[in-house]
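Everything on this sheet refers to the single structure shown next.
Right under this line is the structure:
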């Protein structure tokens, strides 16, 4: 008993040094992740990707040049089922969803490019 009292009296108290407020930097954790985005989709890039997609189809005549005015049925010789497949490939290529009632209005390459550029999440 005497020993513990003696040791307590001999022990030097710890004194904490105050930290200057300027040395403290408090940052809030960021719960937002920042990812690098895709480059902006230009008209030429969208048209080029659609033309490459169409050139991959066997039913499209390779001798014909595909322009923005090329109609899927009249100029490229696609039937209605082929047009549906093209629209599905465009959805997959640009990572968008095209509702059926809007897909029915896409008759040419230019209309398809315009529709894609109007979509904010097309990439």
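Numbering (our numbering), first residue to last: 4 to 126. Yeah, the Cβ is synthetic: ideal placement off N, Cα and C, and Gly gets one too.
Considering residue 94, what are the terminal residues of the alpha helix (DSSP H) in which it resides?
-> Segment 83 to 97, the alpha helix (DSSP H) holding residue 94.
Nearest to residue 57 by alpha carbon, out of 97, 89, 44 and 126?
-> Of the candidates 97, 89, 44 and 126, the one whose C-alpha sits nearest the C-alpha of residue 57 is 89.
Who are the near neighbours of residue 54 in its chain, counting only those whose CB is closer than 6 Å to its CB and skipping five residues on each side?
-> So the list reads 69, once near-sequence residues are dropped.
Among 91, 113 and 112, the one whose alpha carbon lies nearest that of residue 103 | A check of alpha carbon separations from residue 103 across 91, 113 and 112 identifies 91 as the nearest.
So is residue 76 buried or exposed if we call it buried at 16+ other beta carbons inside 10 Å?
-> With fewer than 16 other Cβ atoms within 10 Å, it is exposed.
Relative to the alpha-carbon of residue 84, which residue among 43, 44, 124 and 106 has its alpha-carbon at the smallest distance?
-> Between residue 84 and the set 43, 44, 124 and 106, the nearest pair of CA atoms involves 106.
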